[in-house]
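Trainee:
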Amino acid sequence: PKFQFAYEEFFSDHPGGVHTLRCDGSVRFMDESTHRDVYFALCSRDGGETVDSQ
Numbered sequence: 073p074k075f076q077f078a079y080e081e082f083f084s085d086h087p088g089g090v091h092t093l094r095c096d097g098s099v100r101f102m103d104e105s106t107h108r109d110v111y112f113a114l115c116s117r118d119g120g121e122t123v124d125s126q
């Protein structure tokens, strides 16, 4: 498989989503309705995926 994770989801005790730390040092809250492909693209290294900044 392209991705091998022990868990294929992000989770938190925060209602509605998770806080994420980005490589630029910013912390953002991501809504629980965010598609998992977006999470995978953000977590892959040099995968060539593009992610809309919105």
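All residue numbers for the sequence shown refer to our numbering, where the first residue is 73 and numbers rise by one. Cβ coordinates follow ideal geometry from the N, Cα and C atoms, glycine included. Keep in mind the model is a prediction, meaning the values are calculated, not measured.
1) How long is the line joining the alpha carbons of serine 105 and histidine 86, rounded to whole angstroms?
2) For glutamate 121 and leucine 114, what's the separation of their Cα atoms in angstroms?
3) If we cut at 8 Å on Cβ distances, does glutamate 104 have a partner in chain B?
4) In angstroms, rounded to a whole number, what distance separates the CA positions of glycine 88 and arginine 94?
Mentor: Considering the structure as presented:
1) For this step, residue 105 is matched to residue 33 along the sequence shown. For this step, residue 86 is matched to residue 14 along the sequence shown. Computed Cα separation, rounded: 14 Å.
2) Looking up residue 121 in the sequence shown gives position 49. Looking up residue 114 in the sequence shown gives position 42. C-alpha separation (whole angstroms): 8 Å.
3) Chain labels in this structure do not include chain B; a single protein chain is all it has.
4) Within the sequence shown, the letter at position 16 stands for residue 88. Within the sequence shown, the letter at position 22 stands for residue 94. Near 19 Å, if we compare the C-alpha coordinates of arginine 94 and glycine 88.
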